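Take 2 as the starting number for the sequence shown in the numbering used here and just add one per residue. Positions of the beta carbon are idealized from the N, C-alpha and C atoms, including for glycine. This one's a predicted model, so the numbers in the text were calculated from it and none came from an experiment. Please read the structure below before turning to the comments.
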Amino acid sequence: MSIFRPLLVIGASLALANITLADAITFRDSVAVATDNDRAVLEAFVGHAVNAATPDEAKIDKALNQDGVEMLAWIDFKNLDLLNTAYELTGDTQYLDLFKQGMQPYMNRVTEFSDGYRGWTGVPIPPRRPKNNPDKKIEEIQMTFRGIYVMARWVALAKTNAEYAAANEATITEYLDLCEKDLFPKWDARGYWTMLPHAGGVYHGLDYPVFTGPSLSFEKLSIMVEGLLALHDATGNALYLKRALQIGAWYKSNLILKDGDRYEWMSWVPAGPWDINPDKPDAWKVGWMGPDPNAAWYVTSQSIALNLYQRGLLFDDEDIAHFVQTAKTKCWNGDLENPEFATVAGVKNKWVKGQFFAFQLAPYDATLTEFGFQGYMANQALQNKASSWKGGVMANEYVMNKFVLAPQIVAGAKQPMAAVGEAFLSNADNRAFYDRLNTFAIPTTAAPPTKPSMMFADPALADQ
Numbered sequence: 002m003s004i005f006r007p008l009l010v011i012g013a014s015l016a017l018a019n020i021t022l023a024d025a026i027t028f029r030d031s032v033a034v035a036t037d038n039d040r041a042v043l044e045a046f047v048g049h050a051v052n053a054a055t056p057d058e059a060k061i062d063k064a065l066n067q068d069g070v071e072m073l074a075w076i077d078f079k080n081l082d083l084l085n086t087a088y089e090l091t092g093d094t095q096y097l098d099l100f101k102q103g104m105q106p107y108m109n110r111v112t113e114f115s116d117g118y119r120g121w122t123g124v125p126i127p128p129r130r131p132k133n134n135p136d137k138k139i140e141e142i143q144m145t146f147r148g149i150y151v152m153a154r155w156v157a158l159a160k161t162n163a164e165y166a167a168a169n170e171a172t173i174t175e176y177l178d179l180c181e182k183d184l185f186p187k188w189d190a191r192g193y194w195t196m197l198p199h200a201g202g203v204y205h206g207l208d209y210p211v212f213t214g215p216s217l218s219f220e221k222l223s224i225m226v227e228g229l230l231a232l233h234d235a236t237g238n239a240l241y242l243k244r245a246l247q248i249g250a251w252y253k254s255n256l257i258l259k260d261g262d263r264y265e266w267m268s269w270v271p272a273g274p275w276d277i278n279p280d281k282p283d284a285w286k287v288g289w290m291g292p293d294p295n296a297a298w299y300v301t302s303q304s305i306a307l308n309l310y311q312r313g314l315l316f317d318d319e320d321i322a323h324f325v326q327t328a329k330t331k332c333w334n335g336d337l338e339n340p341e342f343a344t345v346a347g348v349k350n351k352w353v354k355g356q357f358f359a360f361q362l363a364p365y366d367a368t369l370t371e372f373g374f375q376g377y378m379a380n381q382a383l384q385n386k387a388s389s390w391k392g393g394v395m396a397n398e399y400v401m402n403k404f405v406l407a408p409q410i411v412a413g414a415k416q417p418m419a420a421v422g423e424a425f426l427s428n429a430d431n432r433a434f435y436d437r438l439n440t441f442a443i444p445t446t447a448a449p450p451t452k453p454s455m456m457f458a459d460p461a462l463a464d465q
């Protein structure tokens, strides 16, 4: 993480419970606040972040016992992550303190599951809830890795300030113990991770103890990559970066090169015999195969590549150029005032939802930068600033990429965290692992197998 000196003062006093923040919000000098509108968006964003420090405990229990424990991944932990971003913007450790405060109700609800691993237990979301046992308690993998991400990100940020880290050693230890001894290893022990010969690796299945799940789609795997990279940032343990690279290799090997200059990819592809429908031997468990129809899935899937590229690993400038070409020729019609959006294949229909635009990709192209950070999307951010959802949780990617990462990229640091990759590859064993991985992390020109007989000579013998 880069350390920036505070320079620009905006905002007014904020108060929360017994914590009163400074009389003004002071942003790091590298945070690119160019206009009054930028200041208004950031001030509102920080306000939403502060509110995240006092979660509604009744709503937490409702998620665990009624709505589904997975909802912690989509609402609660994303909300808490705003405080990490507030610290990135300001360098003010009060936001790290507020994160601890907001995280505590969730730490209080950590329990030990039947196999001895700790985590958050609750009912499945309604679509996956057993009709004959609606109160069945499970643990859910996406929620687990989102929890890893927010805690590990906090630890990595806390460690950028030696004095703060020393004063908070107990919390750092508590978070890392939970992540490293329970949240990460339990999915390996439970059989939800498989290394793929010549293809990296993949997680399969969502709920434990339900062992029938297929390989996870790329948007779900992106949550694992995000958590693994944060845990590597927090600990320096190469195991986590290797695992992220294995998932990245699986994603890259499933990118389909089109017209020689752009990528398409499927939302989900089969990875092994566990993906075969037990009732239809020549059909997959997942009943459809196509590009992401949901814009958020497109953005997060692509983040696998961007997060690794920004660390100088696995993906290169040519890959980024292909993603940019896809964005400009298929996902967006190029109209700065009246945009229309489509899938990576250019498809628009009633199933295709959302704005297929990635803020993380925008700094790598002048037109995407203009649309994403200066015009249409910037106006949207201003209009949405008062909403705790649209101006808070949903604005996190916009805020981080426009105000923190884009200035570094525009200044010439295309891979702002390249030092991470350099340090990893300086180790001979890591370099050998990486070189082997790179031999099959190669995009294809072929579509994935639409049925098991296209993948296995005899689907019935696939598990032999």
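Cβ neighbours of residue i in the same chain (closer than 6 Å, five flanking residues each side left out)
i, result
"His199", "Phe441"
"Pro131", "Lys137"
"Met456", "Pro450"
"Gly214", "His205, Gly206, Leu207"
"Gly347", "Lys331"
"Asp436", "none"
"His233", "Tyr241, Leu242"
"Leu390", "The residue you asked about is not Leu; residue 390 is Trp in the sequence shown. Excluding positions up to five away in sequence, the list is empty."
"Val10", "A caution first: Val10 carries a pLDDT of 28, below 50, which makes its placement in the model too unreliable to give a value."
"Tyr299", "Asp293, Phe357"
"Val287", "Pro215, Trp269"
Chain-order list of residues whose beta-carbon lies under 8 Å from that of residue i (same chain, five-residue window excluded)
i, result
"Ala407", "Ala33, Ala363, Pro364, Thr370, Phe374"
"Leu438", "Gly201, Leu246, Gln247, Ala250, Leu315"
"Val111", "Arg119, Gly120, Trp121, Leu179"
"Phe5", "Low confidence applies to Phe5: its pLDDT is 29, below 50, so where it sits in the model is not reliable, and the reading given next is rough at best. Answer for Phe5: Arg29, Asp30, Ser31, Val32, Gly92, listed in chain order."
Candidates the options: closest to residue i by CA position
i, options, result
"Lys137", "Thr195, Asp208, Cys180, Met144", "Asp208"
"Thr86", "Arg154, Thr36, Val70", "Arg154"
"Val394", "Asp280, Phe78, Phe28, Lys63", "Phe78"
"Tyr193", "Lys101, Ser302, Asn402, Thr145", "Thr145"
"Asn255", "Ala382, Tyr241, Gly202", "Gly202"
"Leu97", "Ala159, Arg29, Asn52", "Ala159"
"Met108", "Gln95, Leu179, Gln356, Pro210", "Leu179"
"Ala190", "Asp116, Tyr241, Leu90, Trp298", "Asp116"
"Thr368", "Val353, Trp390, His49, Gln326", "Gln326"
"Met72", "Tyr118, Ala54, Pro127", "Pro127"
"Lys101", "Glu141, Arg129, Val51, Asn133", "Val51"
"Tyr88", "Arg29, Asp276, Glu319", "Arg29"
"Ile257", "Pro274, Val400, Asp320", "Asp320"
"His323", "Ile224, Phe434, Lys259", "Lys259"
Boundaries of the alpha helix (DSSP H) in which residue i is found, first to last residue
i, result
"Lys386", "It is not in any alpha helix (DSSP H) - Lys386 carries neither H nor E in the DSSP assignment."
"Thr174", "170-179"
"Tyr96", "95-108"
"Glu89", "78-91"
"Glu265", "From DSSP, Glu265 is part of no alpha helix (DSSP H) but of the beta strand (DSSP E) over 263-265."
"Met225", "219-236"
"Trp298", "296-310"
"Glu44", "37-52"
"Leu406", "Note, Leu406: premise wrong, no alpha helix (DSSP H); not H, not E."
"Arg244", "239-253"
"Ile61", "58-63"
"Leu438", "429-439"
"Gly214", "First-last for Gly214: undefined, no H or E at that position."
"Lys187", "186-190"
"Ala419", "419-426"
Other residues of its chain near residue i: CB distance less than 7 Å, five sequence neighbours each side excluded
i, result
"Lys221", "Gln143"
"Ala343", "Lys331, Cys332, Lys349, Val353, Phe357"
For residue i, the first and last residue of its enclosing beta strand (DSSP E)
i, result
"Thr27", "26-29"
"Leu207", "Unbroken run through Leu207: none, as it is neither H nor E."
"Lys480", "No statement about residue 480 is possible, as the shown extent of the chain runs from 2 to 465 and does not include it."
"Trp194", "194-197"
Does the structure place the region 413-423 close enough to the region 45-60 that three or more beta carbon pairs sit under 8 Å? With the cut-off at 8 Å, the region 45-60 and the region 413-423 do not touch.
Hey, is the region 79-91 in contact with the region 141-155, meaning 3+ C-beta pairs nearer than 8 Å? Taking one beta carbon from each stretch, the region 79-91 and the region 141-155 have 3 or more pairs nearer than 8 Å; the two touch.
Sufficient close CB pairs (3 or more, under 8 Å) joining the region 224-241 to the region 180-200: With a cut-off of 8 Å, the region 180-200 and the region 224-241 count as touching, because enough Cβ pairs lie within range.
Take every Cβ of the region 113-124, pair it with every Cβ of the region 64-73, and state whether three or more of those distances are shorter than 8 Å. Yes, they touch.
Would the region 264-275 count as touching the region 447-455 if we require 3 or more Cβ pairs under 8 Å? Enough Cβ pairs lie closer than 8 Å, so yes.
Ignoring anything shorter than 4 residues or poking outside the region 313-401, list the alpha helix (DSSP H) runs there in chain order. Runs found: 318-327, 367-370, 377-385, 397-400.
When you compare the region 241-259 with the region 163-173, are there three or more beta-carbon pairs, one atom per stretch, that lie closer than 8 Å? With the cut-off at 8 Å, the region 241-259 and the region 163-173 do not touch.
My parser needs the alpha helix (DSSP H) runs of 4 or more residues fully inside the region 102-169; what are they? Segments of the alpha helix (DSSP H) lying fully in the region 102-169: 142-159, 163-168.
Three or more C-beta pairs closer than 8 Å, one from the region 381-388 and one from the region 275-285: is that the case here? Result no; under three Cβ-Cβ pairs closer than 8 Å.
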